[in-house]
Amino acid sequence: MKKTVLSLMTSVLLFADSDMEQLKLDIQKLQEKVQKIETDNVQKEQENLDAKMANDSSSSFSQNAYLPDIGLVLDMSALNRNVSNTSYADYAMPGFIASGDAQPIFNPDSGFNLNYAEVSMHSVVDPYFDVFAVFHLHPDAFEIEEAYVRTRALPYSLRVKAGKFKSDFGRLNAKHQHSWNFASQPLIYEGVFGPDGISDPGIQLQWIAPTNIYVMAGMEAMQGTNTQSFGDTERNNLYVGYLKSSVDITDDISVLAGVSGAHGKNTSGDSDVYGVDLTLNAQLGSYSSLIWQSEYLKRNMDSTTGKDKQAGVYSELIYNMDSNWATGARYDAIVQNDTDMSAYAGVDTSNLDRTTVMLQYKPFEFSRLRLQYSYDRSKIIDNARKDVSEVMLNLTIEAGSHGAHAY
Amino acid sequence: MKKILLSVLFAGSVFANIQVDTTYAALGEITKKVGGDSVDVVVLASSKYDPHFIIPKPSLLAKLRNADLLVINGGGLEIGWLPPLIKSANNANIQAGAKGFLDISHFLTLMDKPTFVSRGFGDIHAEGNPHYITDPHLVPTIAKVIAKKLSMIDEANADSYAANLDKFLKEWDVYLKTLDTKMATCKDKKVVQYHELFNYFLRAYGFKNYGDLEPLPGISPSSKHTLEIIDTIEKNGIKTILQDVYHEKKTAEFIAAKTGAKVALIPHDLGAVQSADTLEEFYNTIATRLCR
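For the record, the sequence lines run as chains A and B. What the first sequence shows, in our numbering, is residues 297 to 703, in sequence order. What the second sequence shows, in our numbering, is residues 1213 to 1504, in sequence order.
Below, the structure is given as structure tokens:
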């Protein structure tokens, strides 16, 4: 019995002994592992440091995150016209544009045209200002089309814009060429303001009324460099004011109406331009709508020969069929033209008008192919009234960051 | 007398509601739940239309002009229509970065964030899929974020917002349990969809999307791609095509006729289809139409 107990005890002890040995071994192994990890870590740290030293690429001064939004618009066309390019370059529009004074900067030539590459930038400056710039690059000219700052945080629903900008006169003036529904300007706009519209250094103040319907009033003081109607820049001469309002008749039908006035000076005296505009938008679906837009402009201007009274109108109907296809038609005309016509003796200068139709295909939001035909009865070419017919295929692309279009 | 007049004036200022504009209807409904009587909610976009392409009507400027807070979905969903409106609304409160601007997407982890973006891939959102509103499990987070923002803007009513939130979260928890139970009975979990509009709901309940009718986001279906989808449907035995209310429905109907799969018209927001005017109705409608 005793023997058995003893042997049992020794075996337990022995067992315990070998257990202890095992534990010691385990601890030793663990210590080795920790040691290795520690040396590895030190080594890695050193390697990291070496690597960083060797390739010191600090980004502490990088300002990439603050780069402005940059966009690129390209506009080009293939065109056929029943008038030679040299004759067309000197066209006259009686009462508005004398022969040799025309500036057909968009789609001037039969054949191929690269109208412009337009680089736009936008950035938030700080909590108080946004900045916008649009650089218009023609094949042989660089133009700052717009460059202005706009306030973000004025009270009482006020906003100020300062710099060079397109006036919010009327419905069309502030829109850039690539967002027009047709490649050409309405005759009255071209006649009164030229291809750039009212676009001048100046300052603008706009206010939105605290009403349930949209009512906006704006005032602008501008340099008045536009020689088509103004241009007496001995001092700033142009003042623009407008009132715009919009009502939703139903959820899907809205009306936007505006009245505008511009008072400035030309080298012979005063110039006043008045405008009335009306836009009806019926939304037929997410990608389908019917838009009817019309505008009437009237100009009273002192000229070398007396007091000119002129007016014109355009009306256009656009049908956006789906996200890809749209079609539209426009009629524009000069409806009043009381001015000196002695330069056109023997030439019929009455009933100046034009009809334009277009069909447009957008493969995607950012590219547009537009087929446009126009029949223009407003031009005097080579000292004779000439009806100009023109067909063009126009391609416009908007790449990079491009802001959503306003209404 | 003076005292009465004073207290009337004071009461007037206390009970003056704050105006909260939300871009879409579901966000508006959650704001109403949390805001209660202290908040007037204005929803900007109609849920009849594609949320990416809302017409920036000038009437929306009148609605934005007076807002104390603008709650947006974010994730790039509003980029095609809202930025010019914010700029032209002449309201300092709601400029991006101002106190009265709230982008919900910043508080959620968006699905399918691309590692590389190019418009060559169509209209993809660099921030990830922005259509998170179809996941009912995200509603509590959205409600908490809105409640927090409301109490920052309108400290006087912070307690009431906290109480509203608490009540809503409890109700929502109960509702979610019944919805989850209902969805658990759902057997067929294979679908195709028109646009990646319902991914969040599909993920929440273990559905698998086998393809989109659009070849690329924002690009209309092509005949080649439609044939590929028909092939996918036949190979995988898919029985459901998810269709939204605002895209053309011919492609889905054509595929359905060819394959025998059924077209399910799914709302993308409150009010997009009939009887989806409350949050519960909205998710119930999706559930019922998906799980037949």
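By construction, the Cβ of each residue, glycine as well, lies at the ideal position given by its N, Cα and C atoms.
Query - Rounded straight-line distance, which links the Cα of residue 1493/B to that of residue 1415/B - result: 20 Å
Requested in this report: Count the other C-beta atoms from every protein chain shown that fall within 10 angstroms of the C-beta of residue 1329/B, then say buried if there are 16 or more, exposed otherwise.
Outcome: exposed
Query - residue 1353/B - containing alpha helix (DSSP H), residue span - result: 1351-1365
Query - For residue 519/A and residue 602/A, the rounded distance between their alpha carbons - result: 24 Å
Query raised in the report: Going by C-alpha distance, which of 1243/B, 1295/B and 1394/B is nearest residue 1307/B?
Result: 1295/B
Query - Neighbour flag for residue 1252/B against chain A, beta carbons, 8 Å - result: no
Query raised in the report: What is the DSSP secondary structure of residue 1437/B, reduced to helix, strand or coil?
Result: helix
Query raised in the report: Closest Cβ-Cβ distance between residue 500/A and chain B: below 8 Å?
Result: no
Query raised in the report: For residue 698/A, which of helix, strand or coil comes out of DSSP?
Result: coil
Query raised in the report: Is the segment 380-397 of chain A close to the segment 341-352 of chain A, with three or more CB pairs under 8 Å?
Result: no
**Report entry** Sub-8 Å separation of residue 1319/B and residue 1292/B beta-carbons
**Finding:** no
Query raised in the report: Nearest to residue 463/A by CA position, among 356/A, 336/A, 496/A and 484/A, is which residue?
Result: 496/A
Query raised in the report: Opposite residue 693/A in the DSSP bridges: which residues?
Result: 370/A and 663/A
Query raised in the report: Hey, would you say residue 1317/B sits closer than 8 Å to residue 1342/B, going by beta carbons?
Result: yes
**Report entry** residue 1424/B: contacting residues in chain A (beta-carbon distance under 9 Å)
**Finding:** Going along chain A, no residue has its Cβ under 9 Å from residue 1424/B, so there is no contact; the nearest lies around 16 Å.
Report task. Could you check what DSSP says for residue 1264/B in three-state terms: helix, strand or coil? Result -> coil
Query raised in the report: Less than 8 Å separating the beta-carbons of residue 1288/B and residue 1338/B?
Result: yes
Query raised in the report: Residues bridged to residue 684/A by DSSP?
Result: 672/A
Report task. In the DSSP assignment, find the beta strand (DSSP E) that holds residue 408/A and state where it starts and stops. Result -> 407-422
Query raised in the report: Name the residues in the segment 542-574 of chain A whose C-beta lies less than 9 Å from a C-beta of chain B; which are they?
Result: 542, 543, 544, 547, 548, 550 and 552
Requested in this report: Verify the CB distance criterion: does residue 1273/B have a CB-CB separation below 8 Å to chain A?
Outcome: yes
Requested in this report: Report, in whole angstroms, the separation of the C-beta atoms of residue 390/A and residue 676/A, which I expect to be a contact under 8 Å.
Outcome: 6 Å
Report task. Examine chain A for any beta-carbon lying closer than 8 Å to the beta-carbon of residue 1431/B, and answer yes or no. Result -> yes
Requested in this report: Determine the direct distance from the alpha carbon of residue 596/A to that of residue 363/A, and round the result to whole angstroms.
Outcome: 46 Å
Report task. Sort out for me which residues DSSP pairs residue 517/A with in a bridge. Result -> 499/A and 535/A
Report task. Under 8 Å between beta-carbons, which chain C residues line up against residue 509/A? List them in chain order, please. Result -> In the displayed structure, chain C is absent; the protein chains listed are A and B.
Query raised in the report: Can you give, in chain order, each stretch of the beta strand (DSSP E) that sits fully within the segment 1310-1350 of chain B and has at least 3 residues?
Result: 1313-1315
Query raised in the report: Along chain A, which residues have their Cβ under 8 Å away from the Cβ of residue 1309/B?
Result: 420 and 423
Report task. Closer than 8 Å by beta-carbon distance: list the chain A residues that pair up with residue 1285/B, in chain order. Result -> Near residue 1285/B there are no residues of chain A at all, since even the closest Cβ is about 15 Å away, more than 8 Å.
Report task. Give me the Cβ distance between residue 487/A and residue 591/A, rounded to the nearest whole Å; I'm assuming they're in contact under 8 Å. Result -> Incorrect: roughly 13 Å between the Cβ atoms, too far for contact.
Report task. Whole angstroms is fine: what's the gap from residue 477/A's alpha carbon to residue 1485/B's? Result -> 34 Å
Query raised in the report: Do the segment 695-702 of chain A and the segment 366-373 of chain A make contact, defined as three or more Cβ pairs closer than 8 Å?
Result: yes
Query raised in the report: Going by other Cβ atoms of all chains shown within 10 Å of its Cβ, with 16 needed for buried, is residue 349/A buried or exposed?
Result: exposed
Query - Reduced DSSP category for residue 330/A - H, G, I as helix; E, B as strand; rest coil - result: helix
Requested in this report: For residue 315/A, decide whether its Cβ has a neighbour in chain B, counting only Cβ atoms nearer than 8 Å.
Outcome: no
Report task. Mind listing, in chain order, the continuous beta strand (DSSP E) runs of no fewer than 3 residues lying wholly within the segment 550-587 of chain A? Result -> 565-579
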